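A.B. asks: Could you have a look at this structure, given as structure tokens, before my questions?
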Amino acid sequence: LASGNMNLVLVGKNTVDAPDSESVSSCGIHVDGSLTISGQENASLTVFGGDTTNTTNSNSCGIYASSTITIESGTVTATGESASAVSYGICASGAVTIENGTVNAASGEAQGDSVGIYTGNSVTINGGDVTATAGDAVGSGWYSCGIRSNGFITINNGTVIATGGKSTGTGEQRFSMGLYAYH
């Protein structure tokens, strides 16, 4: 957990693996502010949120920021594991911007929503290769989406593959889709 803005400059191979949790949510990288990731072209960052299925209403998130996330270069792989609430590969309350590099975001099976890349604002992809894969939403969640945005999704260049999983369970509305922009 980091308070304030964080700039990660990648050199070589880097891994962050959050522990499984039996009492709280588990997040590989949690920033209370904005997060910017850059670095050498061949550098990589692999991040795992922990499994939270042994808890009640707990999230699993690979990378979370309370503001914005910007990925400028390198290879970033973020995975949310199975969760008793929601699972996100990458989650930001603000905008997510991908300028270049390779981004792989995946979420696990969740009792709530399961989303590869989720943002409370917008997603802008200006280049690079982006793969966003959702796990299954099996409980009370509504969404299984590769990319879900509460704003616009703008793709200016690059390659984007977004895949939703199954959305089953007891809720009235079920959504399973690759891209979902709600604005």
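First residue of the sequence shown? That's 108 in the working numbering, and the numbers climb one at a time after it. Each residue gets a CB set at the ideal place from its N, CA and C atoms; glycine is no exception. Nothing here was measured: the structure is a model prediction, and the numbers come from that model.
Per DSSP, residue 137 is paired with what?
C.D. replies: 171
A.B. asks: Following the continuous beta strand (DSSP E) through residue 273, name the residue where it begins and the one where it ends.
C.D. replies: Premise fails: residue 273 is in no beta strand (DSSP E) and is neither H nor E.
A.B. asks: Which same chain residues, not among the five before or five after residue 271, have their C-beta less than 7 Å away from its C-beta?
C.D. replies: Once the five neighbours on either side are set aside, the close Cβ partners of residue 271 are 241, 251, 252, 253, 283, 284 and 285.
A.B. asks: Quick check on this structure: which residue in 192, 255, 157 and 128 has the alpha carbon closest to the alpha carbon of residue 218?
C.D. replies: 192
A.B. asks: In terms of alpha-carbon separation, which member of 263, 215, 171 and 216 lies closest to residue 237?
C.D. replies: 263
A.B. asks: Does DSSP put residue 183 in a helix, in a strand, or in coil?
C.D. replies: strand
A.B. asks: Look up residue 261 in the DSSP assignment and say whether it is helix, strand or coil.
C.D. replies: strand
A.B. asks: In the DSSP assignment, find the unbroken beta strand (DSSP E) run with residue 236 in it and report its ends.
C.D. replies: Looking at the DSSP string, the run of the beta strand (DSSP E) that includes residue 236 is 236 to 240.
A.B. asks: Could you compute how far the alpha carbon of residue 167 sits from the alpha carbon of residue 196?
C.D. replies: 8 Å
A.B. asks: Which of helix, strand or coil does DSSP assign to residue 110?
C.D. replies: Reduced to three states, the DSSP call for residue 110 is strand.
A.B. asks: Taking just the CA atoms, how far does residue 274 sit from residue 124?
C.D. replies: 27 Å
A.B. asks: Could you work out which residue in 256, 137 and 209 is closest to residue 145 when comparing CA atoms only?
C.D. replies: Distances from the CA of residue 145 to each of 256, 137 and 209 were compared; the closest alpha carbon is that of 209.
A.B. asks: Tell me which residues share the same chain as residue 110 and place their Cβ nearer than 6 Å to its Cβ, disregarding the 5 neighbours each side in the sequence.
C.D. replies: 139
A.B. asks: Please work out which residues of its chain come closer than 6 Å, Cβ to Cβ, to residue 258, disregarding the five sequence neighbours upstream and downstream, and give them in chain order.
C.D. replies: 228, 229 and 290
A.B. asks: Between the C-alpha atoms of residue 174 and residue 198, what's the straight-line distance to the nearest angstrom?
C.D. replies: Looking at the two C-alpha atoms, the distance is approximately 10 Å.
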